[in-house]
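J.: Before I ask anything, let me first share the structure, which is written out below as structure tokens.
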Amino acid sequence: METREKILEVAKDQFSRFGVRSVTMEELARAVGISKKTIYQEFEDKKDLVKEVFSKILDEDRQKMVALLEGEDMVIEHLVKMSQMMRERLSSINPMVIVEVQKYFPEAWRIFEEFKTNFIQEDLIRVLDRGKELGYFRSEIDSRIMAKVRVNQITSMFDPSNFINPEFNFVEEQMVLMDHFLHGIFTEKGRESFNSKKASII
DNA sequence: TACCGG
DNA sequence: GCCGGT
């Protein structure tokens, strides 16, 4: 594996587990088994490294989401699995990291914001439109507005005010939100299809 | 590895 | 005093 890839891989792991600010460049270099100098040959500074780690994480999610859209009739499964993916992503990251990145690494946070609007939202619009064509979702729903609503529901997990003092378990809350969202857009056919296969996809 | 400066 | 950066 290339040095750069190795650094990103180890940094992703260490940052996710211990937080960004509590992992020093010194410690990171030791964990990778290289010198600080080598890290600074690959990355401008710590901000740059954090940004690249974040891009890598989002790239992995992007790949998975593209793969989800492969099947012809995968509309409902797509929405369910996307929710699943985001829940897994959040539980794999130390909540402290989210706060740190927003506060001290605004460029990395911007990457995440762009991912939300440019990718997740556009992906949802396509899925909602496809679901309407297939008769799973009511034709009168506005795909663009509902896609935005759904992005906000999903990413509310990453809003510190929602996870610092959680009133509910966030997994349970996301499940309830997803169920409510789906039932709000389903046609009769969509609802029946969901009920008949929900045991196998949830 | 040692060092400077924030 | 610690840590990013040289």
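First residue of the first sequence? That's 1 in the UniProt record's numbering, and the numbers climb one at a time after it. Just so you know, even glycine gets a beta-carbon here, dropped at the ideal spot from N, CA and C.
If contact is defined by three or more beta carbon pairs under 8 Å, each pair taking one atom from either stretch, is the region 155-169 in contact with the region 90-106?
T.: Result yes; three or more Cβ-Cβ pairs closer than 8 Å.
J.: Put F137 into one of helix, strand or coil per three-state DSSP.
T.: Along the first sequence, one-based indexing puts residue 137 at 137. Strand.
J.: Using three-state DSSP, classify F54 as helix, strand or coil.
T.: Stepping through the first sequence from its first residue, residue 54 is reached at position 54. Helix at F54.
J.: Considering only residues of the UniProt DNA-binding region "H-T-H motif" (24-43), which uninterrupted alpha helix (DSSP H) runs meet the minimum length of 4 residues and lie entirely inside it, listed in chain order?
T.: Counting only runs of 4 or more, we get 25-32, 36-42.
J.: Tell me whether the region 148-157 and the region 102-111 touch, counting them as touching only if at least three CB pairs, one residue from each stretch, are closer than 8 Å.
T.: Segments in contact, no.
J.: For G71, count the other beta carbons within 10 Å of its own beta carbon; 16 or more makes it buried, fewer makes it exposed. Which is it?
T.: By 1-based counting over the first sequence, the position of residue 71 is 71. Exposed is the call here.
J.: Taking C-alpha atoms, which residue in E113, F112, D142, E114 lies nearest to R126?
T.: Looking up residue 126 in the first sequence gives position 126. When each option's Cα is compared against that of R126, the closest is D142.
J.: Would you check if there are 3 or more beta carbon pairs closer than 8 Å linking the region 33-46 to the region 108-119?
T.: Too few Cβ pairs lie closer than 8 Å, so no.
J.: Can the beta-carbon of E60 be found less than 7 Å from the beta-carbon of R4?
T.: Translated into positions along the first sequence, residue 60 becomes position 60. Translated into positions along the first sequence, residue 4 becomes position 4. No, the Cβ-Cβ distance between E60 and R4 is not below 7 Å.
J.: Do you know offhand how far V53's Cα is from K47's?
T.: Within the first sequence, numbered from 1, the residue matching residue 53 stands at position 53. Within the first sequence, numbered from 1, the residue matching residue 47 stands at position 47. About 10 Å.
J.: Please tell me whether Y136 and G190 are closer than 7 Å, where the distance is taken between their beta carbons.
T.: Here residue 136 corresponds to residue number 136 of the first sequence, with the count starting at 1. Here residue 190 corresponds to residue number 190 of the first sequence, with the count starting at 1. Yes, the Cβ-Cβ distance between Y136 and G190 is below 7 Å.
J.: For F181, does the three-state DSSP call read helix, strand or coil?
T.: Along the first sequence, one-based indexing puts residue 181 at 181. The answer is helix: DSSP assigns F181 an H, G or I state.
J.: Find the nearest neighbour of residue 244 within the set E140, K132, E133, M146, judged by alpha-carbon distance.
T.: Examination of residue 244 is not possible in this model, given that the chain is present from 1 through 202 alone.
J.: Assuming residue 209 is part of the alpha helix (DSSP H), what are its boundary residues?
T.: An answer regarding residue 209 cannot be provided, because it is not within the stretch 1 to 202 covered by the chain.
J.: DSSP three-state label for F112, please.
T.: Position 112 of the first sequence, counted from the first residue, corresponds to residue 112. DSSP places F112 in helix when its eight states are reduced to three.
J.: Taking only the alpha-carbon atoms, compute the straight-line gap between I39 and I7 and give it to the nearest angstrom.
T.: In the first sequence, the residue the question calls residue 39 occupies position 39. In the first sequence, the residue the question calls residue 7 occupies position 7. Each residue's alpha carbon lies about 7 Å from the other.
J.: Let me check one thing: in DSSP terms, what residues is F186 bridge-paired to?
T.: In the first sequence, counting from the first residue as 1, residue 186 sits at position 186. F137.
J.: If you follow the alpha helix (DSSP H) that R144 is part of, which residue opens it and which one closes it?
T.: Residue numbering aside, residue 144 sits at position 144 when the first sequence is read from its first letter. Start and end: 143-155.
J.: On a CA-only basis, which of V75, I57, M25, L49 is nearest F194? Give me that one, please.
T.: Your numbering for residue 194 matches position 194 in the first sequence. When only C-alpha atoms are compared, the closest one is V75.
J.: Could you compute how far the alpha carbon of F119 sits from the alpha carbon of K12?
T.: As a first step, residue 119 is located in the first sequence; it is residue number 119 there, counting from the start. As a first step, residue 12 is located in the first sequence; it is residue number 12 there, counting from the start. Each residue's Cα considered, the two are about 22 Å apart.
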